[in-house]
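Here the protein sequences come in this chain order: A and B. Residues in the first sequence are numbered from 1 upward in steps of one, following the working numbering. Residues in the second sequence are numbered from 485 upward in steps of one, following the working numbering.
Number of protein chains: 2
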Amino acid sequence: MQELEDLGSAYSLASWDEQTYCAERGREARGHLLATLATVRHERIVDDAYGAALDELSSDGAWLSGEQRAMVRVAKQARDRDVKVPKDLVRALAEQRSRASRAWLAARPANDFASFAPELAKLVRLKVEEADALAFDHRYDALLDDFEPGMTVARLDPILDGLRDELVPFVRRVLDAPSPDRGFLDGPYDQAGQLELMQRILAAVGFDFAAGRQDLSAHPFCGGPSRRDVRLTTRVYDSLEPGSLFSSLHEMGHGLYEQGLAGFERTAIGHAPSLGLHESQSRFWENVVGRSQAFWQHFLPVAQDVFPGELGGVSVDRFVRAVNRVARSAIRVDADEVTYNLHILLRYELEKELVEERLAVADLPGAWRERMQSYLGYTPRDDAEGVLQDIHWADGLFGYFPTYTLGNLYAAAITERMRGDLDLDAHVGRGEFGPVLRWLRERIHGQGFVRPAEDLMVEVTGKPLGHAPFMRYLEAKYGELYDL
Amino acid sequence: MQELEDLGSAYSLASWDEQTYCAERGREARGHLLATLATVRHERIVDDAYGAALDELSSDGAWLSGEQRAMVRVAKQARDRDVKVPKDLVRALAEQRSRASRAWLAARPANDFASFAPELAKLVRLKVEEADALAFDHRYDALLDDFEPGMTVARLDPILDGLRDELVPFVRRVLDAPSPDRGFLDGPYDQAGQLELMQRILAAVGFDFAAGRQDLSAHPFCGGPSRRDVRLTTRVYDSLEPGSLFSSLHEMGHGLYEQGLAGFERTAIGHAPSLGLHESQSRFWENVVGRSQAFWQHFLPVAQDVFPGELGGVSVDRFVRAVNRVARSAIRVDADEVTYNLHILLRYELEKELVEERLAVADLPGAWRERMQSYLGYTPRDDAEGVLQDIHWADGLFGYFPTYTLGNLYAAAITERMRGDLDLDAHVGRGEFGPVLRWLRERIHGQGFVRPAEDLMVEVTGKPLGHAPFMRYLEAKYGELYDL
Numbered sequence: 001m002q003e004l005e006d007l008g009s010a011y012s013l014a015s016w017d018e019q020t021y022c023a024e025r026g027r028e029a030r031g032h033l034l035a036t037l038a039t040v041r042h043e044r045i046v047d048d049a050y051g052a053a054l055d056e057l058s059s060d061g062a063w064l065s066g067e068q069r070a071m072v073r074v075a076k077q078a079r080d081r082d083v084k085v086p087k088d089l090v091r092a093l094a095e096q097r098s099r100a101s102r103a104w105l106a107a108r109p110a111n112d113f114a115s116f117a118p119e120l121a122k123l124v125r126l127k128v129e130e131a132d133a134l135a136f137d138h139r140y141d142a143l144l145d146d147f148e149p150g151m152t153v154a155r156l157d158p159i160l161d162g163l164r165d166e167l168v169p170f171v172r173r174v175l176d177a178p179s180p181d182r183g184f185l186d187g188p189y190d191q192a193g194q195l196e197l198m199q200r201i202l203a204a205v206g207f208d209f210a211a212g213r214q215d216l217s218a219h220p221f222c223g224g225p226s227r228r229d230v231r232l233t234t235r236v237y238d239s240l241e242p243g244s245l246f247s248s249l250h251e252m253g254h255g256l257y258e259q260g261l262a263g264f265e266r267t268a269i270g271h272a273p274s275l276g277l278h279e280s281q282s283r284f285w286e287n288v289v290g291r292s293q294a295f296w297q298h299f300l301p302v303a304q305d306v307f308p309g310e311l312g313g314v315s316v317d318r319f320v321r322a323v324n325r326v327a328r329s330a331i332r333v334d335a336d337e338v339t340y341n342l343h344i345l346l347r348y349e350l351e352k353e354l355v356e357e358r359l360a361v362a363d364l365p366g367a368w369r370e371r372m373q374s375y376l377g378y379t380p381r382d383d384a385e386g387v388l389q390d391i392h393w394a395d396g397l398f399g400y401f402p403t404y405t406l407g408n409l410y411a412a413a414i415t416e417r418m419r420g421d422l423d424l425d426a427h428v429g430r431g432e433f434g435p436v437l438r439w440l441r442e443r444i445h446g447q448g449f450v451r452p453a454e455d456l457m458v459e460v461t462g463k464p465l466g467h468a469p470f471m472r473y474l475e476a477k478y479g480e481l482y483d484l
Numbered sequence: 485m486q487e488l489e490d491l492g493s494a495y496s497l498a499s500w501d502e503q504t505y506c507a508e509r510g511r512e513a514r515g516h517l518l519a520t521l522a523t524v525r526h527e528r529i530v531d532d533a534y535g536a537a538l539d540e541l542s543s544d545g546a547w548l549s550g551e552q553r554a555m556v557r558v559a560k561q562a563r564d565r566d567v568k569v570p571k572d573l574v575r576a577l578a579e580q581r582s583r584a585s586r587a588w589l590a591a592r593p594a595n596d597f598a599s600f601a602p603e604l605a606k607l608v609r610l611k612v613e614e615a616d617a618l619a620f621d622h623r624y625d626a627l628l629d630d631f632e633p634g635m636t637v638a639r640l641d642p643i644l645d646g647l648r649d650e651l652v653p654f655v656r657r658v659l660d661a662p663s664p665d666r667g668f669l670d671g672p673y674d675q676a677g678q679l680e681l682m683q684r685i686l687a688a689v690g691f692d693f694a695a696g697r698q699d700l701s702a703h704p705f706c707g708g709p710s711r712r713d714v715r716l717t718t719r720v721y722d723s724l725e726p727g728s729l730f731s732s733l734h735e736m737g738h739g740l741y742e743q744g745l746a747g748f749e750r751t752a753i754g755h756a757p758s759l760g761l762h763e764s765q766s767r768f769w770e771n772v773v774g775r776s777q778a779f780w781q782h783f784l785p786v787a788q789d790v791f792p793g794e795l796g797g798v799s800v801d802r803f804v805r806a807v808n809r810v811a812r813s814a815i816r817v818d819a820d821e822v823t824y825n826l827h828i829l830l831r832y833e834l835e836k837e838l839v840e841e842r843l844a845v846a847d848l849p850g851a852w853r854e855r856m857q858s859y860l861g862y863t864p865r866d867d868a869e870g871v872l873q874d875i876h877w878a879d880g881l882f883g884y885f886p887t888y889t890l891g892n893l894y895a896a897a898i899t900e901r902m903r904g905d906l907d908l909d910a911h912v913g914r915g916e917f918g919p920v921l922r923w924l925r926e927r928i929h930g931q932g933f934v935r936p937a938e939d940l941m942v943e944v945t946g947k948p949l950g951h952a953p954f955m956r957y958l959e960a961k962y963g964e965l966y967d968l
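Below, the structure is given as structure tokens:
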């Protein structure tokens, strides 16, 4: 188990480096390196002796501690999954992920979907093979299960349908209201100053820079080799939001979760039980906290200290309205939290159709444009701000997108429950993040993967997964901000 | 073979990161990660099927190309070596290297040899076990062979004795002469300016920044995951030399060699045949070229462009004399090229005694002080500038130090031969590095590990290994600089 975790850590480190410091000419070799690490890990996980040990501990593990039993359960589930995928497919997938990612890296700035399409089509074909090898009742479920264990289309569809039915008219109401001024966010803001501001905020909230760092990358993410060596990345533009400052807070949320898992390092339960749950933490810090009045009551003076000229005369109220402005927009990662989930629904539907072979890769750009118009009333200018905007599919991440929306739903449910225990706004407004972080550490981070995500959430929130808390959160927040 | 190379690359990347960006709290996990990569690689290299394939190709490989036969030979030699070392010892060594390195990191700034000694003693014990498992005629030969394949104490001692016999009186002659002024190198020099100057020089000489990069680390080195992704590190102080600027040129020399091996990437022959030969390239660029009159004819104006106030009035002659100043000094990496090899002889003798268990770890600091006084006429103030100065032993690198001196000997022989083909000083003085680099690429870098180091050197230089070219080089250069 420890060796498998170490090999996973090596893969994470090499992936982080691929996005941050890898030399241009070294990308092909990096693809081979990652493919070899994935293959070697797969070989070891499917090893018969390891399987026999897990079987024995599963059937006769009364002497194990509760945490150890959880390790056996999680390790066995992972092995049962991996055993079904042939080794050659594991390598082929890893190599093709790397090739498709490189094709995407070149295609996006050139707005050239046609050059990317053949690599994507090969990757979709391999993911279909993988899903079929995993032999779930529904093909997409096999992929979804990798990121959100136990979740199925049959359970997800009604939840997302319910969300969409309330969200679409709500978005319309918000967009009909007068839009707040955000011109002062355009800057230009000095990039070094922005990085300094981010680091000050991250340190104040509680990200431990002795157990992690922040670097630049084209696409912000949280990764890295160890729970005690968490690698956040961000990017900076000449304007303040949202792709840089709030993506920093987003990745910090992931990073705080990771650092909270440190006690389980090198074990199978030293991971979040699901990506949706992981995402709940990034959304909590990015949106619930990071875009709140209370947060900027505390941090606007810090931001004004760094940018006296640009932000000197801006009130907290004006700043908060600006960073919560709702708009029809093309780019998911720049979207406000109200329209955001419509971007996800679009991707979820298209990737289901791709995997079920009801949609051809060649027809993706058109399907994307149509659905953007129907959900968001926006038609992308070109494929660069349309179907080429995300790296996920190029990286083989099918079944991943819905976890973003699950994260929003979980975050809202967690926040409702947290407010019963502590006065979130009062603490945040005073810059007291300790009690908030401790609450999350105790109930979520410190639980590791001892229980499945939904079980843990029922225990934390007392309620099953649903869209109601999230819609209540949006209605309360935007009702006030937009005077609805 | 490709998978073994990939695993080696993953190890190199994780090692590079350990020295550059690894979080403080992540160091323990990094030790486990490196140990697992080493163990997994060892398991695969000793695999019976791999061994059988190599045996078959060795005995019946007439259909292979010359390069492929070399791959088989090198891979088989590496396997024959690794097969003798038990898996548990491989992991124990990797884990102990990590523990001893961390102990050293804490002990050096605290000048606390006693806290480091028990970890070093355990490591020496494990290296002795390894050497005994390898079963060479002499224990030290087993360790030396890992870095300088085929080299033995029996062959090395007469060469180094011959060197010492000429070097000790030569050092005395130089130190008796008036010492040049080097005050203007003290600065302070802006650190960002120094980094900019280094990058300009590296790019001008021919280091390909699309196939590598330069970062900061406490101890400069050249490593990284791929021949097309070479990672140089450097450090900067407030003064110009020698630990930063010339260590940059030194690591660049290694990096140029690595980039020149790109055609053999992911093969067993995509490596220098020996560390001594690798070191010949760093010494060539650092000393033969980097500390020459011709080099600064070309680059002093660039340096003056970056540091007009500090270097504006300095002549090439004065600059070159300053950066070639010979002195009794404590720190190997800061030593001039004349006294440098005495630092190496000291380490070579002490580590032989350690490995042969004729010297106890507890007695190392005293033995170090005595030998420093006897060879260099200098007694270290404390252990921090004595026995604790190098990371090598903490990292398990016994048998490594002599390759530094071999590098100096090889570099001198290579330079003598090169001068027969091209006017080195004329090219360098005009900033024409292309012909020089091409000469090295063709004869050395581009040969990979097709032949053993000494065979390749005989082919390149027409002579067997010896100390004479190096002494001729020193006598000519310092005779002129010091008016001897």
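All C-beta atoms in this analysis are idealised placements derived from N, C-alpha and C, irrespective of residue type, glycine included. Bear in mind that the values here come from a model prediction, so they are computed numbers and not experimental data.
Could you compute how far the alpha carbon of residue i sits from the alpha carbon of residue j?
{"i": "B:ALA562", "j": "B:HIS782", "result": "44 Å"}
{"i": "B:TRP852", "j": "B:GLY870", "result": "7 Å"}
{"i": "B:LYS836", "j": "B:ILE875", "result": "17 Å"}
{"i": "A:VAL361", "j": "A:LEU350", "result": "10 Å"}
{"i": "A:GLN68", "j": "A:THR415", "result": "30 Å"}
{"i": "A:TYR189", "j": "B:VAL798", "result": "41 Å"}
{"i": "A:PHE401", "j": "B:GLU794", "result": "57 Å"}
{"i": "B:GLY913", "j": "B:GLY737", "result": "18 Å"}
{"i": "B:GLU716", "j": "B:THR751", "result": "The residue you asked about is not Glu; residue 716 of chain B is Leu in the sequence shown. Looking at the two C-alpha atoms, the distance is approximately 22 Å."}
{"i": "A:LEU197", "j": "A:ARG81", "result": "44 Å"}
Can you name the start and end residues of the beta strand (DSSP E) that residue i belongs to?
{"i": "A:VAL230", "result": "229-234"}
{"i": "B:GLY667", "result": "That residue, B:GLY667, is in no beta strand (DSSP E); it is neither H nor E in DSSP."}
{"i": "B:PRO633", "result": "Per DSSP, B:PRO633 belongs to no beta strand (DSSP E) and is neither H nor E."}
{"i": "A:ASP215", "result": "212-216"}
How about residue i and residue j: are their beta carbons less than 9 Å apart?
{"i": "A:ALA394", "j": "A:GLU119", "result": "yes"}
{"i": "B:GLU725", "j": "B:LEU669", "result": "yes"}
{"i": "B:PHE620", "j": "B:GLY760", "result": "no"}
{"i": "B:PHE791", "j": "B:GLY667", "result": "no"}
{"i": "B:ALA661", "j": "B:ASP967", "result": "yes"}
{"i": "B:THR718", "j": "B:LEU745", "result": "no"}
{"i": "B:VAL807", "j": "B:TRP769", "result": "no"}
Note the first and the last residue of the continuous alpha helix (DSSP H) segment covering residue i.
{"i": "B:GLY850", "result": "848-860"}
{"i": "A:GLY224", "result": "It is not in any alpha helix (DSSP H) - A:GLY224 instead sits in the beta strand (DSSP E) that spans 222-226."}
{"i": "A:VAL302", "result": "293-306"}
{"i": "A:GLU3", "result": "2-20"}
Between which residues of its own chain and residue i is the CB-CB distance below 8 Å, once the five residues before and five after are set aside?
{"i": "A:LEU486", "result": "Only positions 1 to 484 of chain A appear in the structure, and residue 486 of chain A is not among them; the question remains open."}
{"i": "A:ALA14", "result": "ARG30, LEU33, LEU34, LEU37"}
{"i": "B:GLU840", "result": "ARG623, TYR624"}
Starting from the C-beta of residue i, find all residues in its chain whose C-beta is less than 6 Å away, skip the five residues before and the five after it, and write them out in chain order.
{"i": "A:LEU144", "result": "MET151, GLY399"}
{"i": "A:ALA66", "result": "For the sequence presented, residue 66 of chain A should be read as Gly rather than Ala. Counting only Cβ-Cβ distances below 6 Å, and skipping sequence neighbours, we find nothing."}
Using a C-beta cutoff of 9 Å, does residue i count as contacting chain D?
{"i": "A:ALA268", "result": "Chain labels in this structure do not include chain D; the protein chains are A and B."}
By Cβ distance below 7 Å, which residues in the same chain neighbour residue i in space, the five residues on each side in sequence not counted?
{"i": "B:GLY492", "result": "ARG525"}
Would you check whether the ligand SAM has a heavy atom nearer than 8 Å to the C-beta of residue i?
{"i": "B:ARG581", "result": "Looking for the ligand SAM in the displayed structure turns up nothing, as the structure carries no ligands at all."}
The segment 34-48 of chain A: positions lying closer than 7 Å to chain B by Cβ: Residues passing the 7 Å Cβ filter: THR36, LEU37, VAL40.
The segment 12-29 of chain A: positions lying closer than 7 Å to chain B by Cβ: Of all residues in the segment 12-29 of chain A, LEU13, ALA14, ASP17, TYR21, CYS22, ALA23, GLU24, ARG25, GLY26, ALA29 have a Cβ within less than 7 Å of some Cβ in chain B.
Quick one, which residues of the segment 99-117 of chain A are near chain B if we go by CB-CB under 7 Å, in chain order? So the list is empty, because no residue satisfies the distance condition.
Along the segment 688-703 of chain B, what residues have a CB closer than 7 Å to any CB found in chain A? So the close ones are ALA694, ALA695, GLY696, ARG697.
For the segment 382-395 of chain A, which residues have a beta carbon sitting closer than 7 Å to at least one beta carbon of chain B? Against chain B - using a Cβ distance shorter than 7 Å - the segment 382-395 of chain A contributes no residues.
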